[in-house]
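In the numbering used here, the protein residues as written are 15 to 368.
Okay, structure first, notes after.
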Ligand code: ZN
Ligand code: ZN
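Next comes the structure, spelled out in structure tokens:
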């Protein structure tokens, strides 16, 4: 319940409340998934407000000091609480509330609504993961690894990208994933030069690269991994590109040190690739935070001066993409821990030839 305490500390006084209505942040604060509801934080109370459909499950799940509260009509019940507690101002999530919902709340809630800082505060809280959050991300990663290891047995000339993607999705669910973390990227041959390629009917051929960018969701938390493997053999240029991307990945990983800037990680990867003459073929950022969302703060880019702190989870995913020919990306999640980040993946990064 640390995040709730920190959110309470964010409130300037006991006449101000925070109303968290987005699915993701409501789940973050309560640990309870639901399709509607709110978390209300005041100086004296933490309430998970849900309707009849969710109340019993929420009451069983939430732990003090968070209380489950059943509402009939959310704004009416909120106003009752606001009057009881003499709340004069309420923060809304400026990045999550739609314009129409904002107008509705502004028209119906008794306190003045504020839209400056709650989303930002929640984003900052979510940057550093708790031990249970890290465990869930690791579990999602292990599910992905198990599915990946099994699907490699199917990878041979003649199999389609689509078949591999469908098998992976099936196995991720079979092994305990709630769902896949995003539309899985399973591409081969010339399609590997498309960083966000969509699985097609293209058949694998001898001498192709095959890129898997895959992940699972476990109890709301995501995982993200990319491997590029060669089918049958890899020619000299393919090996050179692979080694360059691997060095970029490893150099970036060495820069994941608490106290470094996020930008340092991006630059470590970018400079490695530029030194080898492929700078123009690496057009995306080096990574991103991972958690309740597949892409969350911090964006690992050369202009992001955010400092890395212990317990952040970020990806390291440089790539080189030669248009119309092939591409290579290697991605893993790292947990920031002092001088040496923890690699959350157990799948080797060296070039695998199937
Ligand atoms: Zn990925
Ligand atoms: Zn990623």
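The beta-carbon is built from N, C-alpha and C at its ideal position, and this holds for glycine as well.
Exercise. Going by DSSP, name the residue or residues bridged to residue 346.
Key: To locate residue 346, count along the chain shown from 1; it is residue 332. Answer is 330, bridged to residue 346.
query: Enumerated in chain order, which unbroken segments of the beta strand (DSSP E) with a length of 3 residues or greater are wholly contained in the region 219–258?
result: 223–228, 230–232, 239–244
- Query: Measuring CB to CB, does residue 330 end up less than 7 Å from residue 267?
  - Reply: Here the question's residue 330 lines up with position 316 in the chain shown. Here the question's residue 267 lines up with position 253 in the chain shown. In contact: residue 330 and residue 267 (Cβ atoms closer than 7 Å).
Which residues in the same chain have their Cβ closer than 6 Å to the Cβ of residue 135, if we skip the five residues on either side of it in sequence?
Residue 135 sits at position 121 when you count from the first residue of the chain shown. Excluding sequence neighbours, residue 135 sits near 24.
Buried or exposed by the 16-neighbour rule on C-beta atoms within 10 Å, applied to residue 218:
Translated into positions along the chain shown, residue 218 becomes position 204. Buried is the call here.
Beta-carbon within less than 8 Å of residue 239's beta-carbon, same chain only, minus the 5 sequence neighbours each way: which residues are those?
As a position in the chain shown, residue 239 is number 225, starting the count at 1. Counting only Cβ-Cβ distances below 8 Å, and skipping sequence neighbours, we find 155, 158, 159, 162, 226, 227, 228, 229, 345, 346, 347, 359, 361.
Say the cut is 6 Å; is the CB of residue 240 nearer than that to a heavy atom of ligand 1? Position 226 of the chain shown, counted from the first residue, corresponds to residue 240. Yes, since a heavy atom of ligand 1 falls inside the 6 Å radius drawn around the Cβ of residue 240.
Hey, out of 275, 101, 53, whose CA is closest to residue 83's CA? Locating residue 83 in the chain shown gives position 69, counting from the first residue. Answer by Cα proximity: 53.
When 200, 28, 18 are compared against residue 139, the one with the closest alpha-carbon | Translated into the one-based positions of the chain shown, residue 139 becomes position 125. It is 18.
Backbone secondary structure at residue 56 - three-state DSSP: One-based indexing of the chain shown puts residue 56 at position 42. Residue 56: coil per DSSP, three-state reduction.
Taking the beta carbon of residue 66 as the centre, do at least 16 other beta carbons fall within 10 Å, making it buried, or is it exposed? Indexing the chain shown from 1 puts residue 66 at position 52. Burial call: exposed.
field: Ranges of the beta strand (DSSP E) found wholly within the region 137–205, counting only runs of at least 3
entry: Here the runs fully enclosed are 199–202.
If we count the other Cβ atoms within 10 Å of its Cβ and call it buried at 16 or more, is residue 79 buried or exposed?
-> Position 65 of the chain shown, counting from 1, holds the residue named residue 79. Exposed, since its Cβ has fewer than 16 Cβ neighbours within 10 Å.
Q.
Taking the beta carbon of residue 106 as the centre, do at least 16 other beta carbons fall within 10 Å, making it buried, or is it exposed?
A. Position 92 of the chain shown, counting from 1, holds the residue named residue 106. Under this definition residue 106 is a buried residue.
Are three or more beta carbon pairs between the region 289–302 and the region 172–181 nearer than 8 Å? no
Worksheet item: Are residue 408 and residue 313 closer than 7 Å when you measure CB to CB?
Response: The structure shown has nothing for residue 408, since the chain only spans 15 to 368.
Worksheet entry | residue 289, enclosing alpha helix (DSSP H) - first and last residue | Taking the first residue of the chain shown as 1, we reach residue 289 at position 275. Residue 289 -> alpha helix (DSSP H) spans 276–289.
### Task
Buried or exposed for residue 97, please, with buried defined as at least 16 other CB atoms from any protein chain shown within 10 angstroms of its CB.
In the chain shown, the residue the question calls residue 97 occupies position 83. Residue 97 should be labelled exposed.
Q.
Quick check on residue 38: does DSSP put it in helix, strand or coil?
A. Stepping through the chain shown from its first residue, residue 38 is reached at position 24. Here residue 38 sits in helix by DSSP.
TODO: Starting from residue 104, follow the alpha helix (DSSP H) in both directions and report where the run begins and ends.
DONE: If you number the chain shown from 1, residue 104 lands on position 90. Looking at the DSSP string, residue 104 is not in any alpha helix (DSSP H); the run it does join, the beta strand (DSSP E), is 103–105.
**Prompt:** ligand 1 heavy atoms versus the CB of residue 118: any closer than 6 Å?
**Reply:** Taking the chain shown and counting its residues from 1, the one referred to as residue 118 is at position 104. No, since every heavy atom of ligand 1 falls outside the 6 Å radius drawn around the Cβ of residue 118.
What is the DSSP secondary structure of residue 295, counted as helix, strand or coil? Taking the chain shown and counting its residues from 1, the one referred to as residue 295 is at position 281. Residue 295 falls in the helix class under three-state DSSP.
query: Residue range of the alpha helix (DSSP H) that residue 88 falls in?
result: If you number the chain shown from 1, residue 88 lands on position 74. 88–99 is the span of the alpha helix (DSSP H), which, as asked, contains residue 88.
Please indicate yes or no: does the CB of residue 360 lie closer than 6 Å to some heavy atom of ligand 2?
Counting from one through the chain shown, the residue named residue 360 turns up at place 346. Outside the cutoff, so no.
Check: residue 345 C-beta below 6 Å from any heavy atom of ligand 1
Translated into the one-based positions of the chain shown, residue 345 becomes position 331. Yes, Cβ of residue 345 sits closer than 6 Å to a heavy atom of ligand 1.
DSSP state of residue 80, grouped into three classes? The residue you call residue 80 lines up with position 66 of the chain shown. Residue state, collapsed to three classes: strand.
Next item on the list: Helix, strand or coil for residue 85, going by three-state DSSP, please let me know.
Entry: By one-based count along the chain shown, residue 85 stands at place 71. Three-state DSSP puts residue 85 in coil, outside helix and strand.
Quiz prompt | Distance between beta carbons of residue 271 and residue 325, contact taken as under 8 Å | solution = Here residue 325 is taken as the residue at index 311 of the chain shown, counted from 1. Here residue 271 is taken as the residue at index 257 of the chain shown, counted from 1. Not a contact, Cβ separation roughly 14 Å.
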